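Notes follow once the structure below has been shown.
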Amino acid sequence: MKLLKKSILAVTMMTSFSAFSAVDVYFEQGIEALIINGDGVNNLATQLETTELKDGANQFVVRISKLIREQGKFIKFKSQPVVITFEAHDEKLTVQAGKKFDSVEQVGDFDKKPTVNLLDSKGNKIDFHMGYLVAGKGLIRDFDEELVQYNSEREYSFSYADSAVAATSSADKAVSTVESSTKSVQFSLADTDDVESIKKMYSKLSESKRKAFLSWAIVQ
(Lines of atoms letter the chains of each structure in order from A and count residues from 1; the text may use other names and numbers.)
(Lines give C-alpha, C1' and ligand atoms only; values in the text may rest on other atoms or scores of the structure.)
Protein backbone atom coordinates (compact mmCIF):
# COMPACT_ATOMS: atom_id res chain seq x y z
CA MET A 1 0.00 0.00 0.00
CA LYS A 2 2.84 2.38 0.87
CA LEU A 3 4.51 1.58 -2.46
CA LEU A 4 1.22 2.29 -4.27
CA LYS A 5 0.84 5.64 -2.49
CA LYS A 6 4.41 6.59 -3.37
CA SER A 7 3.82 5.65 -7.01
CA ILE A 8 0.63 7.72 -7.16
CA LEU A 9 2.45 10.65 -5.55
CA ALA A 10 5.31 10.41 -8.06
CA VAL A 11 2.90 10.32 -11.02
CA THR A 12 0.98 13.26 -9.58
CA MET A 13 4.15 15.29 -9.16
CA MET A 14 5.26 14.48 -12.71
CA THR A 15 1.85 15.41 -14.08
CA SER A 16 1.83 18.67 -12.14
CA PHE A 17 5.32 19.54 -13.35
CA SER A 18 4.46 18.82 -17.00
CA ALA A 19 1.30 20.87 -16.68
CA PHE A 20 3.27 23.94 -15.63
CA SER A 21 6.31 23.34 -17.84
CA ALA A 22 5.43 25.06 -21.11
CA VAL A 23 6.22 28.09 -23.21
CA ASP A 24 3.59 30.83 -23.08
CA VAL A 25 3.69 33.31 -25.96
CA TYR A 26 1.98 36.71 -26.01
CA PHE A 27 1.53 38.51 -29.32
CA GLU A 28 1.54 42.28 -28.95
CA GLN A 29 -1.18 44.30 -30.66
CA GLY A 30 -0.42 44.47 -34.36
CA ILE A 31 1.27 41.05 -34.47
CA GLU A 32 -0.87 38.61 -36.43
CA ALA A 33 -0.08 34.92 -35.94
CA LEU A 34 -0.60 32.96 -39.16
CA ILE A 35 0.83 29.51 -38.43
CA ILE A 36 1.89 27.94 -35.13
CA ASN A 37 3.90 24.71 -35.28
CA GLY A 38 2.38 23.82 -38.63
CA ASP A 39 -1.23 24.64 -37.72
CA GLY A 40 -2.98 27.57 -39.37
CA VAL A 41 -4.50 30.23 -37.12
CA ASN A 42 -8.04 31.47 -37.69
CA ASN A 43 -8.01 35.26 -37.34
CA LEU A 44 -11.40 35.95 -38.92
CA ALA A 45 -13.16 36.76 -35.65
CA THR A 46 -10.40 38.09 -33.40
CA GLN A 47 -6.63 38.27 -33.53
CA LEU A 48 -4.85 35.64 -31.45
CA GLU A 49 -3.25 37.20 -28.37
CA THR A 50 -1.73 34.27 -26.48
CA THR A 51 -0.84 30.65 -27.06
CA GLU A 52 0.82 27.87 -25.09
CA LEU A 53 3.59 25.90 -26.79
CA LYS A 54 5.53 22.82 -25.84
CA ASP A 55 8.98 23.04 -24.29
CA GLY A 56 11.81 22.77 -26.80
CA ALA A 57 11.89 23.76 -30.46
CA ASN A 58 8.95 25.77 -31.78
CA GLN A 59 8.14 27.66 -34.94
CA PHE A 60 5.50 30.16 -35.94
CA VAL A 61 4.75 32.52 -38.79
CA VAL A 62 3.59 36.06 -38.04
CA ARG A 63 3.18 39.35 -39.81
CA ILE A 64 2.72 42.91 -38.69
CA SER A 65 -0.89 43.89 -39.35
CA LYS A 66 -2.17 47.29 -38.19
CA LEU A 67 -3.88 50.51 -39.21
CA ILE A 68 -1.56 53.35 -40.23
CA ARG A 69 -2.14 56.88 -41.54
CA GLU A 70 -1.88 57.88 -45.19
CA GLN A 71 -2.82 61.41 -46.27
CA GLY A 72 -5.25 61.96 -43.44
CA LYS A 73 -6.97 58.56 -43.56
CA PHE A 74 -6.25 55.11 -42.15
CA ILE A 75 -5.24 52.14 -44.27
CA LYS A 76 -4.49 48.55 -43.37
CA PHE A 77 -0.78 47.71 -43.34
CA LYS A 78 0.31 44.08 -43.69
CA SER A 79 3.96 43.09 -43.82
CA GLN A 80 5.53 40.08 -45.44
CA PRO A 81 5.23 36.92 -43.29
CA VAL A 82 8.10 36.33 -40.88
CA VAL A 83 9.13 32.82 -39.78
CA ILE A 84 10.38 32.56 -36.19
CA THR A 85 12.16 29.38 -35.10
CA PHE A 86 13.50 29.11 -31.55
CA GLU A 87 14.06 26.88 -28.56
CA ALA A 88 12.78 27.68 -25.08
CA HIS A 89 11.85 25.91 -21.87
CA ASP A 90 9.30 26.90 -19.22
CA GLU A 91 9.31 30.54 -20.35
CA LYS A 92 6.91 33.41 -20.95
CA LEU A 93 7.70 35.17 -24.22
CA THR A 94 6.41 38.26 -26.01
CA VAL A 95 6.48 38.88 -29.76
CA GLN A 96 6.71 42.51 -30.80
CA ALA A 97 7.41 44.39 -34.03
CA GLY A 98 11.04 45.34 -34.56
CA LYS A 99 10.05 48.88 -35.50
CA LYS A 100 7.34 51.25 -34.31
CA PHE A 101 5.49 53.29 -36.92
CA ASP A 102 2.11 54.93 -37.35
CA SER A 103 2.17 56.33 -40.89
CA VAL A 104 3.12 55.30 -44.42
CA GLU A 105 6.06 57.70 -44.36
CA GLN A 106 7.57 55.85 -41.39
CA VAL A 107 7.30 52.40 -42.93
CA GLY A 108 10.18 52.57 -45.42
CA ASP A 109 11.12 49.06 -46.58
CA PHE A 110 9.76 47.48 -43.40
CA ASP A 111 6.84 45.89 -45.28
CA LYS A 112 9.24 43.85 -47.45
CA LYS A 113 11.87 43.14 -44.79
CA PRO A 114 10.05 43.30 -41.46
CA THR A 115 11.72 42.35 -38.21
CA VAL A 116 10.35 41.17 -34.90
CA ASN A 117 11.68 40.89 -31.37
CA LEU A 118 11.24 37.96 -29.04
CA LEU A 119 11.34 39.02 -25.38
CA ASP A 120 11.56 36.93 -22.23
CA SER A 121 9.55 37.55 -19.05
CA LYS A 122 12.04 40.24 -17.97
CA GLY A 123 11.81 42.12 -21.25
CA ASN A 124 15.20 40.97 -22.50
CA LYS A 125 15.61 40.05 -26.16
CA ILE A 126 16.33 36.39 -26.80
CA ASP A 127 18.08 34.94 -29.83
CA PHE A 128 16.15 33.09 -32.52
CA HIS A 129 16.24 32.26 -36.22
CA MET A 130 14.25 34.60 -38.45
CA GLY A 131 13.38 34.17 -42.11
CA TYR A 132 10.78 35.06 -44.74
CA LEU A 133 8.32 33.01 -46.74
CA VAL A 134 8.66 33.18 -50.51
CA ALA A 135 5.42 33.70 -52.41
CA GLY A 136 4.43 31.03 -54.91
CA LYS A 137 3.19 31.57 -58.44
CA GLY A 138 -0.51 31.57 -57.56
CA LEU A 139 -2.63 34.70 -57.26
CA ILE A 140 -3.53 33.81 -53.66
CA ARG A 141 -0.73 32.98 -51.27
CA ASP A 142 -0.69 29.59 -49.57
CA PHE A 143 1.30 30.14 -46.39
CA ASP A 144 1.13 26.45 -45.43
CA GLU A 145 2.68 25.37 -48.70
CA GLU A 146 5.28 28.14 -48.52
CA LEU A 147 6.27 27.06 -45.01
CA VAL A 148 6.72 23.45 -46.15
CA GLN A 149 9.06 24.70 -48.86
CA TYR A 150 10.87 26.99 -46.41
CA ASN A 151 11.54 24.17 -43.94
CA SER A 152 12.49 21.54 -46.50
CA GLU A 153 15.00 23.86 -48.19
CA ARG A 154 16.76 24.26 -44.83
CA GLU A 155 16.44 20.55 -43.99
CA TYR A 156 14.66 21.53 -40.77
CA SER A 157 17.86 22.97 -39.29
CA PHE A 158 18.06 26.62 -38.23
CA SER A 159 21.21 28.35 -36.98
CA TYR A 160 21.49 31.71 -35.30
CA ALA A 161 23.85 33.70 -33.09
CA ASP A 162 23.57 32.76 -29.44
CA SER A 163 24.75 35.77 -27.41
CA ALA A 164 25.78 35.43 -23.78
CA VAL A 165 26.53 38.54 -21.70
CA ALA A 166 29.24 38.07 -19.07
CA ALA A 167 29.89 40.88 -16.55
CA THR A 168 33.35 41.40 -15.07
CA SER A 169 34.30 43.99 -12.48
CA SER A 170 37.40 46.18 -12.32
CA ALA A 171 38.68 48.59 -9.69
CA ASP A 172 36.88 51.52 -11.29
CA LYS A 173 33.69 50.11 -12.83
CA ALA A 174 31.91 47.01 -14.04
CA VAL A 175 32.68 46.02 -17.60
CA SER A 176 30.27 43.95 -19.68
CA THR A 177 31.45 41.82 -22.59
CA VAL A 178 29.32 39.96 -25.09
CA GLU A 179 30.40 36.55 -26.31
CA SER A 180 28.63 35.14 -29.37
CA SER A 181 28.45 31.58 -30.60
CA THR A 182 26.32 29.80 -33.15
CA LYS A 183 23.33 27.82 -31.97
CA SER A 184 21.39 25.40 -34.14
CA VAL A 185 17.79 24.33 -33.65
CA GLN A 186 16.41 21.19 -35.24
CA PHE A 187 12.73 21.67 -35.87
CA SER A 188 10.48 19.04 -37.37
CA LEU A 189 6.76 18.54 -37.04
CA ALA A 190 7.04 14.88 -36.11
CA ASP A 191 3.30 14.31 -36.19
CA THR A 192 2.87 15.91 -39.59
CA ASP A 193 6.06 15.00 -41.46
CA ASP A 194 4.12 12.70 -43.79
CA VAL A 195 1.58 15.44 -44.46
CA GLU A 196 4.34 17.92 -45.23
CA SER A 197 5.93 15.46 -47.67
CA ILE A 198 2.61 15.01 -49.44
CA LYS A 199 2.13 18.78 -49.63
CA LYS A 200 5.60 19.19 -51.10
CA MET A 201 5.02 16.51 -53.73
CA TYR A 202 1.57 17.89 -54.53
CA SER A 203 2.99 21.38 -55.10
CA LYS A 204 5.31 19.98 -57.79
CA LEU A 205 2.52 18.26 -59.75
CA SER A 206 1.14 19.69 -62.95
CA GLU A 207 -2.44 20.97 -63.01
CA SER A 208 -3.73 17.82 -64.70
CA LYS A 209 -1.92 15.56 -62.24
CA ARG A 210 -3.30 17.58 -59.32
CA LYS A 211 -6.84 17.05 -60.59
CA ALA A 212 -6.17 13.34 -61.02
CA PHE A 213 -4.78 13.12 -57.49
CA LEU A 214 -7.74 14.99 -55.98
CA SER A 215 -10.19 12.76 -57.85
CA TRP A 216 -8.44 9.72 -56.42
CA ALA A 217 -8.26 11.18 -52.88
CA ILE A 218 -11.98 12.01 -52.75
CA VAL A 219 -13.05 8.39 -53.31
CA GLN A 220 -10.62 6.95 -50.75
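Here the sequence shown stands for residues -21 to -1, 1 to 199, where the numbers follow mature numbering (1 follows the signal peptide of the UniProt record, and there is no 0). We treat Cβ as the ideally placed atom computed from N, Cα and C, and that holds for glycine. Model, not experiment: these values are computed from the prediction.
Here K116 carries a coil assignment [DSSP, helix/strand/coil]. Assignment of E31 by DSSP, reduced to helix, strand and coil, places it in the strand class. Contact fails between the stretch 65 to 82 and the stretch 118 to 127, because fewer than three Cβ pairs, one in each stretch, are under 8 angstroms apart. Each residue's CA atom was taken as its position, placing F166 and G51 some 45 angstroms apart. Contact check for V41 against V86 fails: the beta carbons are separated by 8 angstroms or more. Using a Cβ distance threshold of 8 angstroms, I10 and A76 count as a contacting pair. The alpha-carbon separation between R120 and S187 amounts to approximately 20 angstroms.
Within the same chain, Cβ atoms closer than 8 angstroms to the Cβ of D34 are found at S(-1), A1, V2, A67, H68, D69, the five residues on either side in sequence being excluded.
Rounded to the nearest angstrom, the gap between the Cα atoms of R189 and A114 is 20 angstroms. The straight-line gap separating the alpha-carbon atoms of Q38 and K45 is approximately 22 angstroms.
Here A191 is exposed. Its C-beta has fewer than 16 other C-beta atoms within 10 Å. Beta bridge pairing from DSSP links T64 with Q38, H108. The beta-bridge partner set that DSSP reports for K45 consists of F56.
Short of 6 angstroms from the beta carbon of S100, and not among the five residues preceding or following it, lie these beta carbons of its own chain, in chain order: K71. Around I105, the same chain offers L97, D99 as residues with beta carbons nearer than 6 angstroms, after the five sequence neighbours per side are excluded. Here D18 is bridged, per DSSP, to I15.
Between V164 and L112, the beta carbon gap of about 18 angstroms keeps them out of contact (Cβ cut-off 8 angstroms).
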